[in-house]
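The numbering used here applies: residue 317 is where the sequence shown begins, and numbers increase by one. Every residue, glycine too, gets a C-beta built ideally from N, C-alpha and C. Notes follow once the structure below has been shown.
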Amino acid sequence: MKTNKGIAFPVILVILALLGVGGGVGYTQIKKIAEKRRVKFEEEQKIVKEKEMKEAGERAEKEKMEMEKKRAFEEKELRERIFAKAQVVDLKDMVRGKSTGKAWLALYEGKTYHRIKSAGLSKLEGTSFYEGWLIKDAKKDDFFSTGKMELQENGDGILEFVTEGDKTFYRTAVLTSEPNDGNPKPDKHIQEGVFSSKLKNSDFVVVLKEITEGKDIGPSSASTKNIEITSSGFSPATLDIKVGDTVIFTNRDSVQHWPASEVHPSHLLCAGFDSLKGLNKGETYNFTFKEAKECPMHDHLNPSLKGKIKVMQ
Ligand SMILES: [Cu+2]
């Protein structure tokens, strides 16, 4: 073994050197493989993430659509409940045809709801269409369009119109046929009906009980009370009501009045109770009181005219 010792050392060196080179090569290869794996892993992660994001987006979209559907359904149901309590008038056929129709008009929580339902209408030529109108005074050009009516194959048509503010002064409901000529005035009257001028504006006000999951939670005795505003102020000036009751303010004076809760001028004591504009003679404003509290009020255009509504449980 003695002779081998001399050789053994350089041999070991060579082996170590080879191992070193080999190790070096091996290390570089391992590094390359690791890098490849890392890139592959990152790519996979990216795909997984993208897929997750896409799925989350699709879920959100689906939820949004379902919410939209629900909202549309609830809105439709609300409309039906409003129209069930609205004023209704029969529409006369103005061209001696065989069509029939009805028109509805209501004021609910500051919005005007209007509907025309017709049957037996004839198909129009070319690009002509049926259009609804509410007219106050045709001579003074005081009218507005309530939109196009889509006609079904059988000649039935329905037109629904909702707008901010009280438009129940517009008592003549008309359905016209319109050539597609861009003329913004009503053309040929096809059907017409007039809501009686004897009706007061408060007759158009609709009050609904609140509904949650099909159950009435509002007080079953919810009712409507009237306060008139004259030059001497609110009449009655104090009123006791129950939660859920609606108060209809009618201006009986020749000058404008603006009912609102205290404190002038911010009107935040009973939030929402504020007509937000001066009411003209005969005009109404209604507010449903949903909280049991005292609501002192005033005329915003003449703050010395005061009153109080006490809302009880
Ligand atoms: Cu005020």
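Check, Outcome
"Residue 559, DSSP secondary structure in three states", "coil"
"Nearest candidate by alpha-carbon position, reference residue 548, set 620, 482, 490, 512", "620"
"Whole runs of the alpha helix (DSSP H) within the segment 386-410, excluding any shorter than 4 residues", "none"
"Per DSSP, cross-strand counterpart(s) of residue 576", "590, 614"
"The segment 429-438 contacting the segment 470-479, beta-carbon criterion three pairs below 8 angstroms", "yes"
"Spatial distance of residue 366 from residue 394 (CA atoms)", "41 angstroms"
"heavy atom of ligand 2 below 7 angstroms from residue 619 C-beta", "The model depicted lacks ligand 2 and carries ligand 1 instead."
"Residues sharing a beta bridge with residue 433, DSSP", "418, 474"
"Residues that DSSP places opposite residue 507 in a beta bridge", "409, 491"
"Enclosing beta strand (DSSP E) for residue 601 [first to last residue]", "600-604"
"Coil, strand or helix - residue 373 by DSSP", "helix"
"Coil, strand or helix - residue 343 by DSSP", "helix"
"C-beta contact flag for residue 560 and residue 538 at 8 angstroms", "yes"
"Of the residues 540, 566, 627, the one placed nearest residue 598, counting alpha carbons only", "566"
"Cβ contact check for the segment 452-466 and the segment 413-422: 3 or more pairs under 8 angstroms", "no"
"Burial state of residue 592 (16 or more Cβ within 10 Å)", "exposed"
"Exposure label - residue 602; buried when at least 16 CB within 10 Å", "buried"
"DSSP-derived helix/strand/coil call for residue 628", "strand"
"For residue 381 and residue 374, the rounded distance between their alpha carbons", "10 angstroms"
"Bridge-paired residues (DSSP) for residue 521", "423"
"Closest Cα partner of residue 491 within the set 503, 485, 471", "503"
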